[in-house]
Amino acid sequence: MMNKLKTLLSVIVLNCLLAAAAQAQMVVEITRGNPDPTPIAVAPFSWSGSGVLAEDVAGIISADLRRSGLFAPVPQEDMLSFPKSADEVVFRDWRILGTEYVVTGRIQPQGNGYLLTFDLTNVFGQSKTFTKQVSGGAEQLRDIAHKAADEVFEAITGIRGAFSTEMVYVREGSQGGRPVYELMRADIDGARSRPIRRFDQPVMSPTWSPDGQEVAYVSFETGRPAIFRENLRTGARQQLTNFKGINSSPVWSPDGSKMAMVLSKDGNPEIYVLDLSTGRFTRMTRHFAIDTEPNWMPDGKSLVFTSDRGGKPQIYQLTLATGQVDRLTFDGDYNARSRVSPDGKTLVMVHRSRGVFTIATMDIKTGQMRLLTETTLDESPSIAPNGAMLMYATKRGDRGILAAVSLDAGVKYNLPSQRGDVREPAWSPYFD
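Reading the sequence shown from the start, the letters are residues -24 to -1, 1 to 408 in mature numbering (1 follows the signal peptide of the UniProt record, and there is no 0).
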């Protein structure tokens, strides 16, 4: 298992389906997977309440682990027994199937919700790894399942799972012959997809607050681009900018107190930082070139951004305390839309070489670059909060789709929508 982890940074689920009846669906197409996934079995869970559960919790856990690329769950029809606890696991049954781990569980009513007690058993070691509990309300069976999958994933891989995270993205469709733009929110496995807000003018650049409670985005609803922030729980909105010209690329600081953005209110596109408590804007760059697409380093002490001050778009780093600007990228004739991994060691970007746009990573310390994707119109990368995978927008024919790839390029998914163009994905932070 350790060899697999060295060759494939832990990967998490990406199966973005728009599941509500009124929404277009997406279907995961695994185009490249781990050649040696770990066999694991998630036995059907027992239910001690009345009636039938609305969700197959064991099935959701199994699907999460399968789509991670690291695991090969055993189909229920191939199982020789259905243990409900670690004490009921007959190791011989699972060794025959070559299964390395078995997950067993019991669901019971708890108030107006549910309590899941589940075990992870190591078949080859003939030992119980853990017994844990997850609880949730009446509408939270999927949340319970994803949290359990996170626990299993972390126990085996040593890396925190991210099955409980979400995504936002932009979908463009039409209604009555007129374009409709929707800012969408979905679980990372695609369930409970719903629009945050619908617009009759373009919306772009969605980004999450560090606590996952808000999103910011650029809307053209006022007749020109303006930056808004919106509370996902209450729907309360605040317009942050209303300047003439460019108002774009909002991104929260790691502590949530500030927001970097691009404004041309002084005549040239420059990086600004807005103090969200005081409303004060501070101009951070001063150059005749175009400075755009800021992103924070994890420590909040510097920004990376795109600039053509060297003749072509490249990535630069601005140290906030001193104002010093250093160029980070040199390979290729175009590098833009940079994002930084949670550990601050890896830069992800849109890279162009020989006329082809791809998603690439660069080790910030060594400058070593790796190409992750192979299509020609890849853009808008967004990194998972555990740094294992990223989502991005790409094209299939004339339609926009979403895709995902692990940061070591070992696993890749396509997520084509059945209706409309989808683009500009943003992966949520952890919610706790």
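Don't be surprised by glycine CBs; every beta carbon is placed ideally from N, CA and C.
Here's the rule I'm using: 16 or more other beta-carbon atoms within 10 Å means buried, otherwise exposed. How should residue i be labelled?
i, result
"K288", "exposed"
"Q344", "exposed"
"R71", "exposed"
"M273", "buried"
"L378", "buried"
"F139", "buried"
"A212", "exposed"
"N88", "exposed"
"E53", "exposed"
"A30", "exposed"
"N10", "buried"
"Q84", "exposed"
"R205", "buried"
"V387", "buried"
"S181", "buried"
"S253", "exposed"
I'd like to check one pair, residue j with residue i: are the Cβ atoms closer than 8 Å?
i, j, result
"W228", "S195", "no"
"V332", "N271", "no"
"S61", "R82", "yes"
"P226", "A202", "no"
"P405", "P357", "no"
"D69", "T80", "no"
"L323", "I340", "yes"
"L91", "Q116", "no"
"E197", "F175", "yes"
In its own chain, which residues sit with a C-beta less than 8 Å from the C-beta of residue i, not counting the 5 before and 5 after it?
i, result
"D309", "K288, R328 and S329"
"D242", "R259"
"A(-4)", "Because A(-4) carries a pLDDT of 33, less than 50, the predicted location of this residue cannot be relied on, and the following value inherits that uncertainty. No residues qualify anywhere along the chain."
"D119", "G112 and S140"
"R256", "L250"
"V156", "E148, G149, S150, R174, F175 and D176"
Since residue i and residue j are thought to touch, with beta carbons under 8 Å apart, how far apart are those beta carbons, to the nearest angstrom?
i, j, result
"R168", "M160", "No, R168 and M160 are not in contact; Cβ-Cβ is about 11 Å, not under 8 Å."
"T305", "M338", "6 Å"
"M143", "A125", "Actually they are not in contact, since the Cβ atoms of M143 and A125 sit about 17 Å apart, beyond 8 Å."
Whose C-beta lies closer than 6 Å to the C-beta of residue i among residues of the same chain, with five residues either side of it excluded?
i, result
"R399", "V146, A369 and G376"
"T107", "D95"
"S283", "A265, D267 and Y292"
CB-CB under 7 Å to residue i, same chain, minus the five flanking residues each way: which ones, in chain order?
i, result
"residue 423", "A query on residue 423 cannot be resolved here, the shown segment of the chain reaching from -24 to 408 and no further."
"M55", "A17 and A19"
"G232", "S185, P186 and D187"
"P49", "I16, A17, V18, S38, L41 and R42"
When you compare the CB of residue i with every CB in chain D, is at least one pair closer than 8 Å?
i, result
"V301", "Given the protein chain composition of this structure (a single chain), no chain D is represented."
Under 7 Å: does the beta carbon of residue i sit that close to some heavy atom of the ligand FAD?
i, result
"S233", "As far as ligands go, the structure on display features none, and thus does not contain the ligand FAD."
Any alpha helix (DSSP H) of 4 or more consecutive residues that is wholly inside the region 11 to 63: 33 to 43
Complete runs of the alpha helix (DSSP H) confined to the region 65 to 120 [at least 4 residues]: 67 to 72
Ordered list of alpha helix (DSSP H) runs contained in the region 262 to 335, each at least 4 residues: none
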